[in-house]
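What follows is a single structure, written as structure tokens, with notes after it.
Protein chains: 2
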Amino acid sequence: MDRTGNGMSTLSDVADLAGVSKATASRALSRPELVAVDTRERVVQAAATLDFAPSRVAQALANGKTGLIAIVVPNLTNSFFAPIIEGAQEAAEQAGYQLTIAVRTLDADADAAAIERLSHQVDGFLMTAPHAEEPVLRSVSALAPTVLVEREIDGIPSVIADAATTFGRLATELVDAGHRNIAYVGGPDGSWPDRRRTEAIRAAIGDRATLTVVGPYPPVAESGFTAAPEVIACGATATIVYASAVSLGLMLALEARGVRTPQDMVVSGDARMAKSIGTPGIPSIDVDGAELGRTAMTLLLGALAARGRRDASAASHAPLVQTRIAVPLHWS
Amino acid sequence: MDRTGNGMSTLSDVADLAGVSKATASRALSRPELVAVDTRERVVQAAATLDFAPSRVAQALANGKTGLIAIVVPNLTNSFFAPIIEGAQEAAEQAGYQLTIAVRTLDADADAAAIERLSHQVDGFLMTAPHAEEPVLRSVSALAPTVLVEREIDGIPSVIADAATTFGRLATELVDAGHRNIAYVGGPDGSWPDRRRTEAIRAAIGDRATLTVVGPYPPVAESGFTAAPEVIACGATATIVYASAVSLGLMLALEARGVRTPQDMVVSGDARMAKSIGTPGIPSIDVDGAELGRTAMTLLLGALAARGRRDASAASHAPLVQTRIAVPLHWS
DNA sequence: CGGTTGAATGTAACCGGTTGCGGAACCGGT
DNA sequence: ACCGGTTCCGCAACCGGTTACATTCAACCG
Numbered sequence: 247m248d249r250t251g252n253g254m255s256t257l258s259d260v261a262d263l264a265g266v267s268k269a270t271a272s273r274a275l276s277r278p279e280l281v282a283v284d285t286r287e288r289v290v291q292a293a294a295t296l297d298f299a300p301s302r303v304a305q306a307l308a309n310g311k312t313g314l315i316a317i318v319v320p321n322l323t324n325s326f327f328a329p330i331i332e333g334a335q336e337a338a339e340q341a342g343y344q345l346t347i348a349v350r351t352l353d354a355d356a357d358a359a360a361i362e363r364l365s366h367q368v369d370g371f372l373m374t375a376p377h378a379e380e381p382v383l384r385s386v387s388a389l390a391p392t393v394l395v396e397r398e399i400d401g402i403p404s405v406i407a408d409a410a411t412t413f414g415r416l417a418t419e420l421v422d423a424g425h426r427n428i429a430y431v432g433g434p435d436g437s438w439p440d441r442r443r444t445e446a447i448r449a450a451i452g453d454r455a456t457l458t459v460v461g462p463y464p465p466v467a468e469s470g471f472t473a474a475p476e477v478i479a480c481g482a483t484a485t486i487v488y489a490s491a492v493s494l495g496l497m498l499a500l501e502a503r504g505v506r507t508p509q510d511m512v513v514s515g516d517a518r519m520a521k522s523i524g525t526p527g528i529p530s531i532d533v534d535g536a537e538l539g540r541t542a543m544t545l546l547l548g549a550l551a552a553r554g555r556r557d558a559s560a561a562s563h564a565p566l567v568q569t570r571i572a573v574p575l576h577w578s
Numbered sequence: 247m248d249r250t251g252n253g254m255s256t257l258s259d260v261a262d263l264a265g266v267s268k269a270t271a272s273r274a275l276s277r278p279e280l281v282a283v284d285t286r287e288r289v290v291q292a293a294a295t296l297d298f299a300p301s302r303v304a305q306a307l308a309n310g311k312t313g314l315i316a317i318v319v320p321n322l323t324n325s326f327f328a329p330i331i332e333g334a335q336e337a338a339e340q341a342g343y344q345l346t347i348a349v350r351t352l353d354a355d356a357d358a359a360a361i362e363r364l365s366h367q368v369d370g371f372l373m374t375a376p377h378a379e380e381p382v383l384r385s386v387s388a389l390a391p392t393v394l395v396e397r398e399i400d401g402i403p404s405v406i407a408d409a410a411t412t413f414g415r416l417a418t419e420l421v422d423a424g425h426r427n428i429a430y431v432g433g434p435d436g437s438w439p440d441r442r443r444t445e446a447i448r449a450a451i452g453d454r455a456t457l458t459v460v461g462p463y464p465p466v467a468e469s470g471f472t473a474a475p476e477v478i479a480c481g482a483t484a485t486i487v488y489a490s491a492v493s494l495g496l497m498l499a500l501e502a503r504g505v506r507t508p509q510d511m512v513v514s515g516d517a518r519m520a521k522s523i524g525t526p527g528i529p530s531i532d533v534d535g536a537e538l539g540r541t542a543m544t545l546l547l548g549a550l551a552a553r554g555r556r557d558a559s560a561a562s563h564a565p566l567v568q569t570r571i572a573v574p575l576h577w578s
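Line by line, the protein sequences give chains V and E. Mapping to the numbering used here: the first sequence position 219 is 465, numbers consecutive. Mapping to the numbering used here: the second sequence position 159 is 405, numbers consecutive.
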């Protein structure tokens, strides 16, 4: 009942049943305004009774678009990427696109080659590559329409969560609240967002307080345990953490060493964590990953649509869009 | 230089350059044994100089396989699924397949419809649906070759991590060590693996100790905070946790309430967590998600290959494979 | 040396859609 | 009755491969 390739009705079947040509059937379904009302209805009827579904593959071949978009992420286990992918997937699905995942760090030639191959099979790229080097990203974006996520590079559309600003604000508020010794538990080495956040914090603090940067640390709870001694040693009374995943481990480790949070040490986290901990006085910074993914995908889809529309018209490249999404700061 | 559809050389180009027909070119590349050695070399040469890459879309149309496999997961934020997807992706990539992600809980008709549509675009499904009801999974598996992950249903190939057995073993060891009051922090309601684990624990304990099941809880660190009071209240001296993500939160909450782990309360976790905590005496149960995903994908690819091979031969459905991967128990 | 055979290659149909172009039918206007 | 202009539809080519079948030719046979 389902041997591949059979059982499914084709456009020709629909056309036959409706008593029209394949061409008319095609138009009736994809460009209804070109077809007389009654004909259209007959075709739609026929399609319905045969429960016809157009072959995306055939469509792809005919019009040169695959309906596939690749999202490149360094890994999946870092929980930061999950909501981004979910958001992107949701947006893609609504537009009738499929999302395929490429786990790539882009630091090796093999990765670049894989992306190259992939570029033949997809309509566009969403690049979430905090560590990738600029030239690599540039070359990818030359392969196919690309939107960067959590990364800004001149000349390539991008979407970032403007967490750096928020980290700066948090630093300012901490200093204003009297903290004179602040620690920052940094993110992975070479990460673009980490660099921005570090700078923003440093700028916000100026010389009004001491800043100790510890790290780099991978964004997992375990890092908190490793960081705890360092944070205590530097005498900080407040700790800003790059990735809120680390906060939980850090707090646990601090508690275990007799440092109460937030009484003895203020540790930044995210809203969900602050809520479940219950203690007031925890600052949280929440990046809406889903929105990040959704926005990026929307941008990309827009670019694809635009490209399809004009095509051969002169210049007027798609307007370069670099979106920044505001990130809220909240105190529990 | 990259207007879609252009720039890329086609098989005809290769054929022309090599001075052979399209057919020969095709054979030289995909079924070399059918072509004379020198001809083959000429074609390969030509393909190389044009850096020809066959259009997956055209191939898909011609031979009825899309080269796309869908993995269905309830969500991405649950860190349990990430390694599964990574493993599956890796295996798919090696076989030249693309993996597409469908985030679906399968509890609504809309989801079923989406899967239906998707089934026209993919060659097979990897279903990771711990909550889905059996009939739903059955109907999906009728749509396209399917392998279940973390779920066993008669008549459908599946791969599960046999964690239930390991949970049972842990329970036994705890009882043997003298614990007479054990708590189990359960997983999400209706989860198939949770049911199996609960049963295994109950069976292992028998009437040698008291078992208190608390939950259901979603598998996130925050759940640990919610569970802590319950766990303390029931007077347990050891707690088995369904999802190790919960353990960290639970430990933190326990510490905050003055309950030391593992001295006052043994809490199960996973190896990474145990290692970073450092305290000895923590039992950890480690499900190798990547292997799960890899194995499942391998199974599916095998089924696809088999289906392609015989096709019209009588009966002899693919042998039903239900794989169980052993899960280690480890004490830090 | 004619005939059989098998390897190597070419021809063309096909997968399932989309789309440019032209023809038929019908419109109102003169 | 004739004509320019629409509207609606069908023919056929095309997207880029795969593959059944036909064809060619050289080797091998009695």
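No residue lacks a Cβ here, since even glycine has one placed at the ideal position from N, Cα and C. All figures in this text were calculated on a predicted structure; none of them were measured in a lab.
> How big is the Cα-Cα spacing for glycine 452/V and threonine 295/E?
Replying inline: Taking the straight line joining both Cα atoms gives about 58 Å.
>> Taking its Cβ as the centre, do 16 or more other Cβ atoms sit within 10 Å of serine 267/V, making it buried, or is it exposed?
In response: In the assembly as shown, serine 267/V is an exposed residue. Its beta-carbon has fewer than 16 other beta-carbons within 10 Å.
> Comparing the C-beta of alanine 328/V with each C-beta of chain E, is any distance below 8 Å?
Replying inline: Output row for alanine 328/V: interface = yes.
> Whole-angstrom Cβ separation of valine 513/V and valine 573/V, contact assumed at under 8 Å?
Replying inline: With a Cβ gap of about 18 Å, valine 513/V and valine 573/V do not count as contacting.
>> Within a Cβ cutoff of 8 Å, which residues of the same chain sit near glutamate 445/V, ignoring the five residues on either side of it in sequence?
In response: Only Ala410 meet the Cβ criterion.
> What in chain V is Cβ-close to glycine 495/E, meaning under 8 Å?
Replying inline: Near glycine 495/E (Cβ distances below 8 Å), the residues of chain V are Leu494, Ser522.
>> Can you tell me whether glutamine 509/V is helix, strand or coil according to DSSP?
In response: Glutamine 509/V carries a coil assignment under DSSP once its states are collapsed to helix, strand and coil.
> Near serine 416/E, what residues of its chain come up, given a Cβ to Cβ distance below 7 Å and the 5 sequence neighbours on each side ignored?
Replying inline: Note that residue 416/E is leucine in the sequence shown, not serine. Excluding its 5 nearest sequence neighbours in each direction, leucine 416/E has C-beta neighbours in its own chain below 7 Å: Ile486, Ser514, Pro529, Ile531, Leu575, listed in chain order.
> So, is glutamine 509/E buried or exposed, given that buried needs 16 or more other C-beta atoms within 10 angstroms?
Replying inline: So glutamine 509/E counts as exposed.
> What does serine 325/V touch in chain E if you count any residue whose Cβ is under 7 Å from its own?
Replying inline: At a beta-carbon threshold of 7 Å, the residues of chain E lying near serine 325/V are Thr323, Ser325, ordered along the chain.
> What distance in whole Å lies between the Cβ atoms of isoleucine 330/E and valine 621/E, which are believed to be in contact at a cut-off of 8 Å?
Replying inline: Since the first residue shown for chain E is 247 and the last is 578, residue 621/E is missing from the structure and cannot be characterised.
>> Give me the chain V residues within the contact set of phenylalanine 471/E, using Cβ-Cβ distance strictly less than 8 Å, ordered along the chain.
In response: Result: Ser522, Ile523, Gly524.
> Secondary structure at isoleucine 331/E, three-state DSSP: helix, strand or coil?
Replying inline: Residue state, collapsed to three classes: helix.
> Along the stretch 447-461 of chain E, what residues have a CB closer than 9 Å to any CB found in chain V?
Replying inline: Listed in chain order, the positions of the stretch 447-461 of chain E with a beta carbon within less than 9 Å of a beta carbon of chain V would be empty, since no residue qualifies.
> Between alanine 499/V and the rest of its own chain, which residues show a CB-CB distance below 6 Å, the 5 nearest in sequence each way excluded?
Replying inline: When the five nearest sequence neighbours on each side are left out, the beta carbons in the same chain lying within less than 6 Å of the beta carbon of alanine 499/V are those of Gly470, Phe471, Ala474, in order along the chain.
>> So, with DSSP's three-state summary, where would you put glycine 524/E?
In response: Shown here, glycine 524/E sits in coil according to DSSP, grouped into three states, outside any helix or strand.
>> Here's the rule: buried if 16 or more other CB atoms are within 10 angstroms of the residue's CB, otherwise exposed. What is arginine 363/V?
In response: Under this definition arginine 363/V is an exposed residue.
> Which residues in the same chain have their Cβ closer than 6 Å to the Cβ of valine 382/E, if we skip the five residues on either side of it in sequence?
Replying inline: For valine 382/E, where only same-chain residues beyond five positions count, the Cβ hits under 6 Å are Leu352.
> Using a Cβ cut-off of 9 Å, which residues of the stretch 331-349 of chain V contact any Cβ in chain E, in chain order?
Replying inline: So the close ones are Ile331, Glu332, Gln335, Glu336, Glu339, Gln344, Leu345, Thr346, Ile347, Ala348, Val349.
> For arginine 277/V, does the count of other Cβ atoms within 10 angstroms reach 16, so buried, or fall short, so exposed?
Replying inline: That one is exposed.
>> Tell me the DSSP secondary structure of alanine 482/V in three-state form.
In response: If DSSP states are grouped into helix, strand and coil, alanine 482/V belongs with coil.
> Does DSSP put arginine 426/E in a helix, a strand or coil?
Replying inline: Under the three-state reduction of DSSP output, arginine 426/E falls in the coil class, being neither helix nor strand.
> Nearest-angstrom Cα distance between glutamate 379/V and asparagine 324/E?
Replying inline: For glutamate 379/V and asparagine 324/E, the distance between alpha carbons rounds to 30 Å.
> Who are the Cβ neighbours of aspartate 369/V in its own chain at under 8 Å, not counting the five residues just before and after it?
Replying inline: For aspartate 369/V, where only same-chain residues beyond five positions count, the Cβ hits under 8 Å are Lys311, Thr312, Gly313, Leu314, Ile315, Tyr343, Ala390, Pro391, Leu550.
>> For a contact defined as C-beta to C-beta under 8 Å, what are the partners of valine 303/V on chain E?
In response: Per Cβ cutoff of 8 Å: Val303, Ala306, Leu307, Thr312, Gln367.
>> If contacts are defined as beta-carbon pairs under 8 Å, then alanine 429/E and valine 460/E qualify, I think. What distance do you get, rounded to the angstrom?
In response: Yes, they are in contact, since the Cβ atoms of alanine 429/E and valine 460/E sit about 6 Å apart, within 8 Å.
>> Rounded to whole angstroms, what is the Cα-Cα separation between glycine 527/V and isoleucine 361/E?
In response: Roughly 45 Å between the two C-alpha positions.
> Can you tell which of Ser437/E, Pro565/E, Glu468/E, Ala484/E has its C-alpha closest to the C-alpha of threonine 456/E?
Replying inline: That would be Ala484/E, whose Cα lies nearest to the Cα of threonine 456/E.
> Which chain E residues sit within Cβ distance under 8 Å of leucine 416/V?
Replying inline: Neighbourhood of leucine 416/V in chain E, by CB distance below 8 Å: empty, with the nearest CB roughly 22 Å away.
> Would you say glutamate 380/V faces chain E, with C-beta separation under 8 Å as the test?
Replying inline: With 8 Å as the cut-off, glutamate 380/V does not count as an interface residue toward chain E.
> Buried or exposed: where does alanine 450/E fall if 16 or more other Cβ atoms within 10 Å of its Cβ makes it buried?
Replying inline: By the beta-carbon neighbour count (other beta carbons within 10 angstroms, threshold 16), alanine 450/E is buried.
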